[in-house]
Amino acid sequence: MRRRVIFSNTLLPYVLLAPQLLVTLVFFYWPALQAIYQSVLLQDPFGLRTRFVWFENFQLLFADPLYLGSARVTAVFSVAVASLSMGIALLFAVMADRKIRGARIYRTLLMWPYAVAPAVAASLWLFIFHPDIGFLGRLLNQAGLAWDYKLNGTQALLLVILAASWKQVSYNFLFFLAGLQAIPRSVIEAASMDAGPGRTFRSIVFPLLSPTTFFLLVVNLVYAFFDTFGVIHATTGGGPAKATETLIYKVYVDGVMNLDLGGSSAQSVILMAIVIALTAVQFRFIERKVHY
Amino acid sequence: MAAPRRRDPWIPHLVLCLGVVVFAFPIYFALIGSTHDAASIATGRMSLLPGPHGAETYWQALTSGMGSRVTGTPVRTLLVNSLIMALTVAVGKIAISIVSAYAVAFFSFPGRMFFFWMIFVTLMLPVEVRIIPTYKVVTDLGMINTFAGLTIPLIASATATLLFRQVFLTIPDELVEAAKIDGAGAMRFFWSVVLPLSRTNIAALFVILFIYGWNQYLWPLLITTDRSMETIVIGIVKMIGTSDAQTDWNLIMATAVLAMIPPVAVVVFMQHWFVKGLVEAEK
Numbered sequence: 072m073r074r075r076v077i078f079s080n081t082l083l084p085y086v087l088l089a090p091q092l093l094v095t096l097v098f099f100y101w102p103a104l105q106a107i108y109q110s111v112l113l114q115d116p117f118g119l120r121t122r123f124v125w126f127e128n129f130q131l132l133f134a135d136p137l138y139l140g141s142a143r144v145t146a147v148f149s150v151a152v153a154s155l156s157m158g159i160a161l162l163f164a165v166m167a168d169r170k171i172r173g174a175r176i177y178r179t180l181l182m183w184p185y186a187v188a189p190a191v192a193a194s195l196w197l198f199i200f201h202p203d204i205g206f207l208g209r210l211l212n213q214a215g216l217a218w219d220y221k222l223n224g225t226q227a228l229l230l231v232i233l234a235a236s237w238k239q240v241s242y243n244f245l246f247f248l249a250g251l252q253a254i255p256r257s258v259i260e261a262a263s264m265d266a267g268p269g270r271t272f273r274s275i276v277f278p279l280l281s282p283t284t285f286f287l288l289v290v291n292l293v294y295a296f297f298d299t300f301g302v303i304h305a306t307t308g309g310g311p312a313k314a315t316e317t318l319i320y321k322v323y324v325d326g327v328m329n330l331d332l333g334g335s336s337a338q339s340v341i342l343m344a345i346v347i348a349l350t351a352v353q354f355r356f357i358e359r360k361v362h363y
Numbered sequence: 002m003a004a005p006r007r008r009d010p011w012i013p014h015l016v017l018c019l020g021v022v023v024f025a026f027p028i029y030f031a032l033i034g035s036t037h038d039a040a041s042i043a044t045g046r047m048s049l050l051p052g053p054h055g056a057e058t059y060w061q062a063l064t065s066g067m068g069s070r071v072t073g074t075p076v077r078t079l080l081v082n083s084l085i086m087a088l089t090v091a092v093g094k095i096a097i098s099i100v101s102a103y104a105v106a107f108f109s110f111p112g113r114m115f116f117f118w119m120i121f122v123t124l125m126l127p128v129e130v131r132i133i134p135t136y137k138v139v140t141d142l143g144m145i146n147t148f149a150g151l152t153i154p155l156i157a158s159a160t161a162t163l164l165f166r167q168v169f170l171t172i173p174d175e176l177v178e179a180a181k182i183d184g185a186g187a188m189r190f191f192w193s194v195v196l197p198l199s200r201t202n203i204a205a206l207f208v209i210l211f212i213y214g215w216n217q218y219l220w221p222l223l224i225t226t227d228r229s230m231e232t233i234v235i236g237i238v239k240m241i242g243t244s245d246a247q248t249d250w251n252l253i254m255a256t257a258v259l260a261m262i263p264p265v266a267v268v269v270f271m272q273h274w275f276v277k278g279l280v281e282a283e284k
């Protein structure tokens, strides 16, 4: 889009753009290109010699059972976080959308977890589910369930899913609520003349919410892929036995702890491709307005 | 419109109350945990009611950050670091985005769309996917353990630029024309018209970006090797360490509570702008 009336300065727009472009070039484009460049190089363990290996790093990754395991963990983790946090949020939003007393108070009391950092959320849940000192952790053990997220991979995964979802519900809740409030009352009233609340929701409300749902799905997947690094780093450290090592966590472990530049860069490039794909899908969808 | 009902249906209240309780549950435990001493938490038989050691725990956390087993930077320092980081990121992102959106919206110059797309694409490069090379750039520039290294790589913002551009497109051409007739130059128009008109958007974005900056994790983890530069979120996790029963959980929970207060307060007290900012920033 273009304005009809504009200012005619020639130098000023470049000056105004300069800070943003400078930061973008130095800290976004240059590192992204470096990641791509490194991903086709193989460095010896001492960093003395580097040679060009085409796609060997990628081939190694896709043949590496550890990497495939990490991809599987990520898939389970992100699908669980997205569906759990969106499902609960939708339930709350449908309840809070009614004309009930105190709806605003409920909204306030449900939205604040958004402000809690993922790593802090994780440490709160750790305190509750710690097998020795945590309230629920001890309760589970007393009930004979042998709860210890430090030994049991499934339990560790459950813990990080819980902490990551808890924090994300409020975000989804606010968007679902906004989506519900955008549906004209008359449509819902007309539908409820002929059908019960369950049927109205299934046939009218949920389809009309589909743009919000789809948008949230993408946002939640991105959240689960990247922003939950803190949750995992604070609680399980990727363990036990890599049961909670997601793709982003593996980039960190391989690049920062194991100093495998080529392998870690190849993983970064794959993650970039995933983000680009998700963003592209989202924009395409919004442009087409598929909801009708 | 239906006539106001005398009684609310009880199911929504039940579900929402349950939700509120479950959401507040971890916070309750953190508050309780921070009022008992480390020894009684370590036995695993912590009372579910507030204990008598609240004041001293918070005082200890704020001033020394050290328990019998936990050694850390005083939470006071961590809070200041987080505050500087969150404010710099929020203000920086808003400042550089509003001027670049202004350039794209109100000027015509060679490369306009190219630069716009260049900013737009950064939407797809979150810091997490380019951490190691970005870390290397920051090291080469000697910005490890500095606030510049902590904040500048995060302050480019495609989202904020897109949002401001969207807002600027709603400013009518007549207004620009009138300003030009009155002899206002581009910068005068920016200060006197555009900036005041964007006030509510700036407030809304500020809330979102403040929280974004406060809650950063991976980046400060890499950039701060000096413990006095750590942010509070990093500080908590370092305190947890091996997380056995021998940890000073009372101090950790007090720190967690202190870490949550500023961003939660911003969300609750600036609720109106928060919801507006959240919904708009994602469009």
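Protein chains in written order, with the working numbering: chain A, 72 to 363; chain B, 2 to 284. All residues carry an ideal CB built from backbone N, CA and C; glycine is no exception. No experiment lies behind these values; they were computed from the predicted model shown.
Interface annotation, Arg200 (chain B): not in contact with chain A, CB-CB separation never under 7 Å. By the Cβ rule, the region 136-151 of chain B counts as touching the region 80-96 of chain B, because three or more pairs are nearer than 8 Å. Of B:Gly184, B:Val258, B:Val265 and B:Lys277, the smallest CA-CA separation from Leu63 (chain B) is found for B:Val258. Counting C-beta pairs with one atom in each stretch, the region 188-204 of chain A and the region 299-315 of chain A have three or more that are closer than 8 Å, which means they touch. For the region 159-185 of chain A, the residues whose beta carbon sits under 7 Å from a beta carbon of chain B are, in order, Leu162, Phe163, Met166, Ala167, Arg169, Ile171, Arg172, Tyr177, Thr179, Leu180, Leu181, Met182, Trp183, Pro184 and Tyr185. If you draw a straight line from the Cα of Ala142 (chain A) to the Cα of Leu318 (chain A), it comes to about 6 Å.
The region 137-202 of chain B contains, as complete alpha helix (DSSP H) runs of 4+ residues, the segments 148-152, 159-170, 174-182 and 187-190 (chain order). Per the Cβ contact rule, the region 29-48 of chain B is not in contact with the region 182-199 of chain B (fewer than 3 Cβ pairs under 8 Å). For Phe297 (chain A), the C-beta contacts it makes with chain B under 8 Å involve Pro127, Glu129 and Val130, in order along the chain. If you check each beta-carbon in the region 67-96 of chain B against every beta-carbon of chain A, none falls closer than 7 Å. When secondary structure is reduced to three states using DSSP, Phe108 (chain B) falls in the strand class.
Counting only the Cα atoms, Thr350 (chain A) lies some 19 Å from Ile132 (chain B). In the DSSP assignment, Phe123 (chain A) falls within the beta strand (DSSP E) that extends over Thr121 to Phe123.
Here Gly333 (chain A) is not near Leu137 (chain A), since their CB atoms are 7 Å or more apart. Ile156 (chain B) sits close to Gly93 (chain B), with the two beta carbons spaced by under 7 Å.
Beyond the five residues adjoining it in sequence on each side, Ala106 (chain B) comes within less than 7 Å, by CB distance, of Arg166, Phe169 and Leu170 in the same chain, given in chain order. Contact check between the region 227-246 of chain B and the region 20-27 of chain B: fewer than three CB pairs, one atom from each, fall below 8 Å, which does not count as touching. Ranked by Cα distance from Asn128 (chain A), the options A:Thr315, A:Ser263, A:Leu211 and A:Ser335 are led by A:Ser335. Separation of Val276 (chain A) and Val240 (chain A) (C-alpha to C-alpha, rounded to the nearest whole angstrom) is 20 Å. Spatial neighbours of Ser98 (chain B) in its own chain (CB-CB distance under 7 Å, excluding positions within 5 residues in sequence) are listed in chain order as Ser158, Ala161, Thr162 and Phe165. Restricting attention to B:Thr123, B:Ser101, B:Phe116 and B:Gly214, the CA atom closest to the CA of Trp101 (chain A) is found in B:Thr123.
Distance from the CA atom of Ala266 (chain B) to the CA atom of Pro282 (chain A), rounded to whole angstroms, is 31 Å. Not a single CB atom of chain B sits nearer than 7 Å to the CB of Trp125 (chain A).
Judged by DSSP in its simplified three-state form, Phe211 (chain B) adopts helix. Among the bridge pairs identified by DSSP, Phe78 (chain A) is matched with B:Phe108.
Judged by pairs of C-beta atoms under 8 Å, the region 234-252 of chain A touches the region 285-300 of chain A, as three or more such pairs exist. In the DSSP assignment, Phe300 (chain A) falls within the unbroken alpha helix (DSSP H) covering Phe300 to Thr306. Per DSSP, Leu216 (chain A) lies in no alpha helix (DSSP H) and is assigned neither H nor E.
A Cβ-Cβ contact shorter than 7 Å links Leu230 (chain A) with Tyr220 (chain A). Only Ser244, Asp245, Ala246, Trp250, Ile253, Met254, Ala257, Ala260, Met261, Pro264, Val265, Val267, Val268, Val269 and Gln272 from the region 242-272 of chain B bring a Cβ to less than 8 Å from some Cβ of chain A. For Val147 (chain A), no CB of chain B lies under 7 Å from its own CB, so it is not counted at the interface with that chain. Each residue's CA atom was taken as its position, placing Trp11 (chain B) and Arg169 (chain A) some 11 Å apart.
Around Val324 (chain A), the same chain offers Gly309 and Glu316 as residues with beta carbons nearer than 8 Å, after the five sequence neighbours per side are excluded. Not flagged as an interface residue toward chain A: Pro51 (chain B), since no C-beta distance is shorter than 7 Å.
DSSP places Gln226 (chain A) in the uninterrupted alpha helix (DSSP H) bounded by Gly224 to Gln252. For Leu49 (chain B), the three-state secondary structure derived from DSSP is coil.
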